[in-house]
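Peer 1:
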Amino acid sequence: MFERRSGDGFMRCGDGHVRWGIFGAAGVVFVVREDDEPRVMLQKRSAMAHEGGTWSCAGGALDLGEMPYEGALREASEEVGAIPDGARLLGQYVFNPSADWAYTTVVVEVDRRFGDSINFETDAVGWFTVDEVAALPVHAGFAAAWPHLLAIIHPVSDTV
-16 MFERRSGDGF MRCGDGHVRW GIFGAAGVVF VVREDDEPRV MLQKRSAMAH
34 EGGTWSCAGG ALDLGEMPYE GALREASEEV GAIPDGARLL GQYVFNPSAD
84 WAYTTVVVEV DRRFGDSINF ETDAVGWFTV DEVAALPVHA GFAAAWPHLL
134 AIIHPVSDTV
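Residue numbers for the sequence shown follow the numbering used here, beginning at -16 and rising by one.
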């Protein structure tokens, strides 16, 4: 059963676009390192979600007073299941198109893979290498954030 939360709803932002999340929104990209190669968890969005059939990170509307990190983890647990203990924040990217709305994507490292489709928003969950992500049909907002998220997943010191 779907429980309506305080941040659920569309709003017309100061830049004229209509976006989901009265208080903004947040999502999370989980990273696991296997054989020194990072893999990221993405969810395939159901037809019930915006841009259904595309891949993106778990996320959604923030509640009143909720910080992006907490909101992103709450949304992920609602959409893909319980998050393993010991999750570590690596960084975040904020898309802030207007003064009254932002979408924050947090990047969180975990020690093991997890996740499954547990509600109507998610058709599938997968763990992908960076190269595999480049070949997926991804949500437009995620595509715009991806270069910024890569810089967090693969800091410059990792490539030297």
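Quick reminder that beta carbons are idealized off the backbone N, C-alpha and C, glycines included.
Looking at the unbroken beta strand (DSSP E) that takes in Pro80, where does it start and where does it end?
Peer 2: Pro80 -> beta strand (DSSP E) spans 71 to 81.
Peer 1: Since Ala59 sits in a beta bridge, which residues does DSSP pair it with?
Peer 2: Answer is none; Ala59 lacks a bridge partner.
Peer 1: For Phe78 and Phe125, I'd like the C-alpha separation in whole angstroms.
Peer 2: Using only the alpha carbons, I get a separation of about 10 Å.
Peer 1: Under three-state DSSP, which class holds Ala65?
Peer 2: In the structure shown, Ala65 sits in coil (DSSP, three-state: anything other than H, G, I, E or B).
Peer 1: Given His122, which residues of its chain have a CB within under 8 Å of its CB, disregarding the five upstream and five downstream residues?
Peer 2: Contacts found: Arg28, His33, Glu34, Thr37, Trp38, Ser39.
Peer 1: Mind checking who Tyr86 pairs with in its DSSP beta bridge?
Peer 2: According to DSSP, Tyr86 bridges with Ala8, Phe78.
Peer 1: Round the Cβ separation of Ile101 and Glu62 to the nearest angstrom and send it over; I've been treating them as touching at under 8 Å.
Peer 2: At roughly 7 Å, the Cβ-Cβ gap stays under 8 Å, so Ile101 and Glu62 are in contact.
Peer 1: Suppose the cutoff is 6 Å on Cβ atoms and the five residues either side in sequence are ignored; what does the same chain contact list for Trp110 look like?
Peer 2: Cβ within range, chain order: Arg22, Met24, Arg96.
Peer 1: Starting from the Cα of Ala30, find the closest Cα among Ala128, Ile136, Ile135, Asp106 and give me that residue.
Peer 2: That would be Asp106, whose Cα lies nearest to the Cα of Ala30.
Peer 1: I'd like to check one pair, Leu56 with Ala8: are the Cβ atoms closer than 7 Å?
Peer 2: The answer is no: Cβ separation not under 7 Å.
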